[in-house]
Amino acid sequence: MRRTLTFVAFLLVVGAIWESLVAMGAWREVLLPRPTRVLGWLAESLADGTLVTATLVTARRLFTGYAIGVVVGLPLGVLAARFRVLRDSLGVVALGLQTLPSVCWVPMALLWFGQTEAAMLFVVVMGTTWSLLLATEAGVRGLPPVYLRAARTMGSRGFHTILHVLLPAAFPAIVSGLKQGWAFAWRSLMAAEIFVTILTGFGLGHLLHYGRELHAMDQVLGVMAVIVSVGLLAEHLLFGPAERWLRIRFGLGG
Amino acid sequence: MLTEPRTDASAAATVSAELALAAPTRLSIRGVSKSFAGRRGPVQALAGIDLDVAEGQFLCLLGPSGCGKSTLLALVAGLDFPDCGEIHTDGHRVTGPGRDRMVMFQESALFPWRTALGNVLFGLELKPGLTRAARREVARYYLDLVGLTRFAHAAIHELSGGMRQRVALARALAPNPSVLLMDEPFGALDAMTREKLYGDLQAIWSQRRKTILFVTHNVREACVLADRVAVMSPHPGRIVQVFDVALPRPRDINSERVAALASRITATLAGSLPTETRR
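Protein chains in written order, with our numbering: chain Y, 1 to 254; chain L, 255 to 533.
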């Protein structure tokens, strides 16, 4: 609570200084408009629905792509941890591709899928899968073997072991993998939306892109603020509960 | 609504059947050898082990680290297989893990993602024919037995080392095995906690009548707990001598008779050790 108050106060002070500097004519507003103008743009586009629609379009892409990435990356990570062959093949590929900035997938996505939703999803999936695969693999492989031995003595086998021992035991690593994957997915999607112009949906990235095209700095700043807020909000809503549970149950910090 | 009393009655029946004493098992180990691939060729962990544990007997495997006592325990648990020789429980050959043989591990092998109660429930969830309510009742019985009723919903990291090993004991007892395999379960505990647990373990053992194979390198611990102490020596792991401990129970670790027996066994251990230091 105290942190929030401090931060709000900080924003107000910076905003006031910024506002008065612009009022004094310290720079041209084409380059950096006054904060009230940005707020004005935000209010306007909230009212006419542009912002809400764009956020929903972006969120839909993000969740779809992220979900695919999780569904692919998580099981592959478990398999890579269990089977040496996969670790030495797919694991190495993942290690390499994870270092590839997700924007680098855009040209390939465009050539394969054209200016379509599929191209967007492809970029997001590529951004998510590899880091999640690696985190899951490391988490599962780093488990104390005594968990598995104990589970075996109590009659746990195969799928039951994976579901009730491997995955929950690796949960701390998986959560940080999911979080990292989320960050990558978010960044990839913004890159994709800025670079790929499509007609099926106008996302936040597009809004940002057209803000530049129209030299509308109030729009550029406003969209950036929205992107930051969406990112923060999603992280808190999605990973806050999981991390709280980890702290209570596993006694982990973080 | 009409069926409810009947399910209650049958649930109570399954719970009492579940809590009924399992007949203790005779354990027989015949000519068991085991070697592992080491960095410099194979390492003989166990060579020609012959050992019998009578029904309901408490046997301690005592020896220095590397004498293969934990390996032997893993073989009985069915977590690993002997190169030659056979292990039987009541005439049934051990071919893998089984609910008749539960293991309590050295370090806390408790699952941190489950509560104390959740850990005790794990083995019960894998046991067919138990309703959810019956499982919970059985699990609570064993938490009571180890004195942790109040900590059923505690997270594992909130429990002290001694309490964790109590939960581990309850978890091992819960599927009602006839053989309990304990791999230095109190090794990491402080002396006071350990002595308290010796008393509790003896009480629980006399109450639940299990055949117990207990691995330790602590001579006094073996003398306090065991009916028989099998002294092992390393390189290769074999049984040097088996001592009968005919002391009355409950035993006090500081009593003279325990101390006298402990020094006799220590002498045997020392006699078997020089071969190791010479190598």
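Note that beta-carbon positions come from the ideal geometry of N, C-alpha and C, so glycine has one too.
- DSSP places R284(L) in no alpha helix (DSSP H) but in the uninterrupted beta strand (DSSP E) bounded by L281 to G292.
- When DSSP assignments are scanned along the segment 281-355 of chain L, the uninterrupted stretches of alpha helix (DSSP H) that are 4 or more residues long and fall wholly within it turn out to be 323-331.
- In the DSSP assignment, L467(L) falls within the unbroken beta strand (DSSP E) covering T465 to T470.
- Shown here, D88(Y) sits in a helix according to DSSP, grouped into three states.
- Sequence-ordered contacts of the segment 151-164 of chain Y with chain L read A151, R152, T153, M154, G155, S156, H160 and H164 [C-beta pairs closer than 8 Å].
- Rounded to whole angstroms, the gap between the alpha carbons of G332(L) and Q180(Y) is 40 Å.
- Annotated three-state conformation of R462(L) is helix, per DSSP.
- A Cβ-Cβ distance of about 14 Å is found for the pair V357(L) and L281(L), leaving them out of contact under the 8 Å criterion.
- At least one beta carbon of chain Y lies nearer than 8 Å to the beta carbon of A363(L).
- Taking 9 Å as the Cβ-Cβ cut-off, the segment 333-351 of chain L approaches chain Y at L333, G350 and P351, given in chain order.
- For F184(Y) against G127(Y), the beta-carbon gap comes to about 4 Å, under 8 Å, which counts as contact.
- With respect to the 8 Å criterion, R425(L) and A406(L) are not classified as neighbours on the basis of their beta carbons.
- Looking at the DSSP output, T369(L) bridges to A409(L).
- R503(L) sits in coil when the DSSP states are folded into three classes, being neither helix nor strand.
- The beta carbon of S432(L) sits closer than 7 Å to those of A276, A277, P278, T279, D354, K464 and T465, all from its chain and outside the five residues before and after it, given in chain order.
- Beta-carbon to beta-carbon, S188(Y) and S131(Y) are separated by about 11 Å, too far to satisfy the 8 Å threshold.
- Rounded to the nearest angstrom, the Cβ distance from A422(L) to S362(L) is 6 Å, consistent with a contact under 8 Å.
- Among the residues of chain Y, those whose CB is under 8 Å from the CB of F359(L) are V146, R149 and A150, following chain order.
- Between Y147(Y) and V165(Y) the beta-carbon gap is near 6 Å, inside 8 Å, which marks them as a contact.
- In the structure shown, L76(Y) adopts helical secondary structure according to DSSP, grouped into three states.
- Taking C-beta atoms as the reference points, G285(L) and D306(L) fail to come closer than 8 Å.
- For W459(L), no CB of chain Y lies under 8 Å from its own CB, so it is not counted at the interface with that chain.
- Within chain L, the C-beta atoms nearer than 9 Å to that of R249(Y) come from P366, W367, R368, T369, A409, I410 and H411, in chain order.
- Chain L places no beta carbon closer than 8 Å to that of P241(Y), leaving this residue out of the contacts.
- Contacts with chain Y at 8 Å (Cβ-Cβ) include M356(L).
- In this chain, A442(L) is not harboured by any alpha helix (DSSP H), its DSSP state being neither H nor E.
- Pairing L246(Y) with T385(L), the inter-Cα distance amounts to about 29 Å.
- Between F290(L) and A299(L), the CB-CB gap stays under 8 Å.
- Taking 8 Å as the cut-off, the Cβ atoms of L455(L) and L435(L) do not count as close.
- By the rule that beta-carbons nearer than 8 Å mark a contact, P168(Y) touches chain L.
- For M486(L), the enclosing beta strand (DSSP E) starts and ends at R482 to S487.
- Secondary structure of V433(L) (DSSP, three-state): strand.
- Counting along the chain, Q219(Y) sits inside the alpha helix (DSSP H) bounded by residues M217 to R249.
- In this structure, DSSP gives M1(Y) a state outside helix and strand, which the three-state scheme calls coil.
- Classified as exposed, W27(Y) has fewer than 16 neighbouring CB atoms from the shown chains inside 10 Å of its CB.
- Exclusion of the five residues before and after A94(Y) leaves W130, L133 and L134 as the residues of its chain whose Cβ lies within less than 6 Å of its Cβ.
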